[in-house]
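In my numbering, the protein residues as written are 38 to 151. Where is the CB? At the ideal position from N, CA and C, for every residue including glycine. Here the structure is a predicted model, which is why all the values come from computation and not from measurement. Notes for the one structure printed next.
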Ligand code: DGP
């Protein structure tokens, strides 16, 4: 999608701080980090929200999780623990409408989230 911030990162029009990339997935540091490690993992295919997942595209979410797992291991936070979350729509705080998996770690976190 031409108007999507994260699609512009996939195309190279905008260059984030990339930590991982393969043919299906791009991962980069969040511009406003909420933890010492805060990486966004996105499918290169535009999917606006998790409501738009279906049997044909859901495997991209699996790939995001596996990439995040590796990034967490590389960051040295796998054993201490980390959080992975996708926000959907306004009440959950989604602000960029291209699905993204937040990987957060490197500090203790509370539950439930705010
Ligand atoms: P969410 O609120 O779940 O939609 O998360 C969107 C995240 O995207 C938020 O944590 C901030 C991040 N973000 C927004 N604009 C940019 C940007 O231009 N570059 C990077 N690296 N991250 C961004």
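Please classify residue i as buried or exposed, where buried requires at least 16 neighbouring CB atoms within 10 angstroms.
{"i": "residue 74", "result": "buried"}
{"i": "residue 80", "result": "buried"}
{"i": "residue 92", "result": "exposed"}
{"i": "residue 113", "result": "exposed"}
{"i": "residue 108", "result": "buried"}
{"i": "residue 68", "result": "exposed"}
Given a cut-off of 8 Å on the beta-carbon distance, is the pair residue i and residue j in contact?
{"i": "residue 135", "j": "residue 121", "result": "no"}
{"i": "residue 42", "j": "residue 133", "result": "yes"}
{"i": "residue 83", "j": "residue 38", "result": "yes"}
{"i": "residue 144", "j": "residue 72", "result": "yes"}
Measure how close the beta-carbons of residue i and residue j come, nearest whole angstrom, since I'm counting them as under 8 Å.
{"i": "residue 78", "j": "residue 105", "result": "5 Å"}
Would the beta-carbon of residue i be found less than 7 Å away from any heavy atom of the ligand DGP?
{"i": "residue 67", "result": "yes"}
{"i": "residue 132", "result": "yes"}
{"i": "residue 196", "result": "One cannot answer for residue 196 here, as it falls past the ends of the chain, which runs 38 to 151."}
Please decide whether residue i counts as near chain B, where near means a Cβ-Cβ distance under 8 Å.
{"i": "residue 135", "result": "In the structure shown, chain B cannot be found, because there is only a single protein chain."}
Start-end ranges of the beta strand (DSSP E) lying completely within the segment 78-142, minimum 3 residues: 119-122 and 138-142
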